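What follows is one structure encoded as structure tokens, with my remarks underneath.
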Amino acid sequence: MRILLLNGPNLGRLGVRQPEIYGRTTLAEVVERARAHAAARDCELADFQSNHEGALIDRLEALDFDAVVINPGALGHTSHALADAIAGVERPAVEVHLSDVRAREPWRRQLVLEQVVIGQVIGRGWPGYLDAIDLLVERRGR
Ligand code: DQA
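In short: position in the sequence shown from 1, add 44, done, that's our numbering.
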């Protein structure tokens, strides 16, 4: 299975950006750990981070993957365009948020990708990305 790991706005600064909320693990370290986790489960992992909604949608439209793990950042609270893109590619997707968005500011409680993903991993820090891969692998096995 080819998994596309997508990260949205501001996640390129993981590890240095508000570490008390998002932790000290960098995005490069997350990708490395996710790639090793995927490889151990016979999966390939491609990764892409962008601060731009359209670039994330363009990456999805490349359709060179079987499943998606996405941390949309703040776009997860607002972007119906990204939700439409995920629905449109017809591949299983799991949404990740490092922090517990349901326990933070009220505007973070709205999760607009909810309807188009097969699962969400919220508030588990960087290991949440590995949990998301496991959800996709479990689904493949069914
Ligand atoms: C985040 C949560 C979002 O509310 C925030 O805008 C982010 C990161 C998370 O991983 O906890 O950029 O997606």
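Note that CB positions come from ideal geometry on N, CA and C, so glycine has one too.
Note that the coordinates shown come from a computational prediction; the quantities given were computed from them, not determined experimentally.
Three-state class that DSSP yields for residue i in the structure shown
i: glycine 67; result: coil
i: tyrosine 161; result: The sequence as given places valine at residue 161; tyrosine does not occur at that position. Three-state DSSP puts valine 161 in coil, outside helix and strand.
i: valine 112; result: strand
i: arginine 77; result: helix
Option nearest residue i by Cα separation, candidates the options
i: isoleucine 65; options: Ala131, Ser94, Gly98, Ile166; result: Ile166
i: histidine 124; options: Val145, Val160, Leu179, Asn95; result: Val160
i: leucine 48; options: Gln164, Cys87, Leu119, Gly56; result: Cys87
i: valine 112; options: Pro150, Gly59, Asp91, Gln154; result: Asp91
i: threonine 145; options: Gly117, Pro136, Arg79; result: Strictly speaking, residue 145 in this sequence is valine, with threonine absent from that position. Cα-wise, what sits closest to valine 145 is Gly117.
i: arginine 85; options: Arg148, Gly169, Arg46; result: Arg46
i: proline 136; options: Arg152, Asp110, Gly120, Trp151; result: Asp110
Extent of the continuous beta strand (DSSP E) to which residue i belongs
i: alanine 90; result: 88–93
i: alanine 99; result: No beta strand (DSSP E) holds alanine 99; the alpha helix (DSSP H) holding it covers 97–105.
Residue i: first and last residue of the uninterrupted alpha helix (DSSP H) it sits in
i: alanine 127; result: 124–133
Pair within 8 Å by beta-carbon distance, residue i and residue j
i: asparagine 115; j: valine 140; result: yes
i: valine 138; j: isoleucine 101; result: no
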